[in-house]
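Per the numbering used here, the sequence shown starts with residue 97, numbered consecutively.
We put the beta carbon where it would ideally sit given N, CA and C, even for glycine.
Note that the structure is predicted; figures quoted are calculated from it, not measured.
Just below is one structure, and these are the notes that go with it.
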Amino acid sequence: MTSPVLPSLPADRLTRGLLVPAAAVAVLAVAAPFLGGYASDLVVKVMILAIFALSLELLVGMTGLVSLGHAAFYGIGAYVTVLASGDEGGNLLVLLVASMGLAALYALVVGALSLRTKGVYFIMVTLAFAQMAFFVFHDTPVGGGSDGIYLYVRPAIGPIDLENRLTLFYVVLAALAGTYGLLALIRRSRFGAALAGIRVSEQRMRAVGFPTYFYKLAAFVIAGALAGLAGCLVAARDGVVNPELLAWHNSGEVLLMIILGGLGHLRGAVLGAVAFTLLKELLSTHALVGPLADHWQLSLGLVIIAFVAWLPRGLIGLVQRISPEGSR
97 MTSPVLPSLP ADRLTRGLLV PAAAVAVLAV AAPFLGGYAS DLVVKVMILA
147 IFALSLELLV GMTGLVSLGH AAFYGIGAYV TVLASGDEGG NLLVLLVASM
197 GLAALYALVV GALSLRTKGV YFIMVTLAFA QMAFFVFHDT PVGGGSDGIY
247 LYVRPAIGPI DLENRLTLFY VVLAALAGTY GLLALIRRSR FGAALAGIRV
297 SEQRMRAVGF PTYFYKLAAF VIAGALAGLA GCLVAARDGV VNPELLAWHN
347 SGEVLLMIIL GGLGHLRGAV LGAVAFTLLK ELLSTHALVG PLADHWQLSL
397 GLVIIAFVAW LPRGLIGLVQ RISPEGSR
């Protein structure tokens, strides 16, 4: 049976939706040389987490698949980067392809099995696979145990050397822009329309002839590859990786980011990454909150509860009140 054709959204709507993100990228590109060390490092951290959040947005917001094992692909990308670099560093392009490729391969295995389940069972299976990956790196010599392993020389390719702080900034910015652009194209494509239909009613999509399992599997693999990209970049930024990157709480945190920003919106994923990171920084700074900084997890939890109660549509809801057009 031939699957029905779904219409894609108009190109002019895609262009309008990318104007604000493109302007933000331009502002960051211009401001980069003027940022101090701490500010530059913080922005790079936020951008990497935004890529990670966008990768999960493809699953949760666009396809309706809630995963608690997404950090596995993030950690695999980071570990592949360090292990493939060796003691003398590696080629940036090769490391990006390797980290994304192996993360996507693991996502293919996990997705092929976990997508045969639904609801809470799917959540638990993805969590189980993530914990398996965690203990592979935690309990074997290849991952360096709980101490992790170090990246002695950051990746480079020709004049692009990530040892340079400004170069790292621009590479991460380009990766974020590429990720956002790719997901915007997917969202407005026939493939994206099919994922949206699956999110609303998978049963109806199957009834009209769509092989929903393979659509979901494709989304799962793409999301895994993008999480692997974020993992590669965080390894290059930090110079060290450890099994905590694959821990379940990292999967929970990135899920909180997209909920905080607003599910179903690419900008929401980015806003959520920004807000979550800044909240952690502010609430753990003694100069700002005093003794409460020692209990920043409690403060962060209360703030997030307040956000969810007062802004059920996330931070993107505030943006939509100001500018309803192109909020996605």
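Per DSSP, the bridge partner or partners of residue i
{"i": "A199", "result": "Bridge partners of A199: none, in fact."}
{"i": "I318", "result": "Its beta-bridge partners do not exist; DSSP assigns none."}
{"i": "I256", "result": "I253"}
{"i": "V304", "result": "DSSP output for V304 lists no bridge partner at all."}
{"i": "V337", "result": "I245"}
Neighbourhood of residue i by C-beta distance below 6 Å, restricted to the same chain and skipping five residues each side
{"i": "W392", "result": "L379, S380"}
{"i": "L407", "result": "G413"}
{"i": "T98", "result": "Residue placement at T98 cannot be trusted, given a pLDDT of 48 that sits under 50; what the coordinates show is reported in the next sentence. Excluding sequence neighbours, T98 sits near nothing in its chain."}
{"i": "L115", "result": "none"}
{"i": "I253", "result": "N187, L188, L189"}
{"i": "M301", "result": "G293, I294, T308"}
{"i": "L138", "result": "none"}
{"i": "P117", "result": "Y276"}
{"i": "E259", "result": "R250"}
{"i": "L161", "result": "L155"}
Cut-off 7 Å between Cβ atoms - residues of its own chain near residue i, not counting five sequence neighbours on either side
{"i": "T213", "result": "V221"}
{"i": "V330", "result": "I144, A174"}
{"i": "A343", "result": "A167, F230"}
{"i": "L191", "result": "T177, A180, S181, P251, C328"}
{"i": "A208", "result": "L313"}
{"i": "T159", "result": "L291, I294, R295, K312, A315"}
{"i": "A383", "result": "none"}
{"i": "T373", "result": "K141, V142, L145"}
CB contact flag (residue i, residue j, <7 Å)
{"i": "L375", "j": "L411", "result": "no"}
{"i": "A315", "j": "L351", "result": "no"}
{"i": "S347", "j": "G186", "result": "no"}
{"i": "L150", "j": "A332", "result": "no"}
{"i": "V176", "j": "L152", "result": "no"}
{"i": "V336", "j": "Y246", "result": "yes"}
{"i": "F130", "j": "A326", "result": "no"}
{"i": "F403", "j": "L362", "result": "no"}
{"i": "V317", "j": "A203", "result": "yes"}
{"i": "V268", "j": "V140", "result": "yes"}
{"i": "G157", "j": "G360", "result": "yes"}
{"i": "G324", "j": "S163", "result": "no"}
{"i": "L155", "j": "A271", "result": "no"}
{"i": "L341", "j": "G171", "result": "yes"}
{"i": "T263", "j": "L322", "result": "no"}
{"i": "V249", "j": "E298", "result": "no"}
{"i": "V121", "j": "A371", "result": "no"}
{"i": "F218", "j": "V206", "result": "no"}
{"i": "R283", "j": "G358", "result": "no"}
{"i": "F310", "j": "A128", "result": "no"}
{"i": "A369", "j": "A146", "result": "yes"}
{"i": "S136", "j": "R261", "result": "yes"}
Helix, strand or coil at residue i according to DSSP, with G and I counted as helix
{"i": "Y311", "result": "helix"}
{"i": "Y276", "result": "helix"}
{"i": "V123", "result": "helix"}
{"i": "Y246", "result": "strand"}
{"i": "V366", "result": "helix"}
{"i": "P408", "result": "coil"}
{"i": "A343", "result": "coil"}
{"i": "M97", "result": "At M97 the pLDDT is 43, less than 50, meaning the model places this residue with poor confidence; the figure from the coordinates comes in the next sentence. Here M97 sits in coil by DSSP."}
{"i": "D235", "result": "coil"}
{"i": "L359", "result": "coil"}
{"i": "G386", "result": "helix"}
{"i": "L373", "result": "Note that residue 373 is Thr in the sequence shown here, rather than Leu. Residue state, collapsed to three classes: helix."}
{"i": "L115", "result": "helix"}
{"i": "S285", "result": "coil"}
{"i": "L131", "result": "coil"}
{"i": "S380", "result": "coil"}
{"i": "G240", "result": "coil"}
Chain-order list of residues whose beta-carbon lies under 8 Å from that of residue i (same chain, five-residue window excluded)
{"i": "S242", "result": "H234, N338, P339"}
Proximity test, residue i beta-carbon vs the ligand SAM heavy atom, cut-off 6 Å
{"i": "T213", "result": "The ligand SAM is not part of the structure shown, which contains no ligands of any sort."}
Checklist entry - Going along the chain, which unbroken runs of the alpha helix (DSSP H) with 4 or more residues stay wholly within the segment 157-218? => result Counting only runs of 4 or more, we get 167-181, 188-210.
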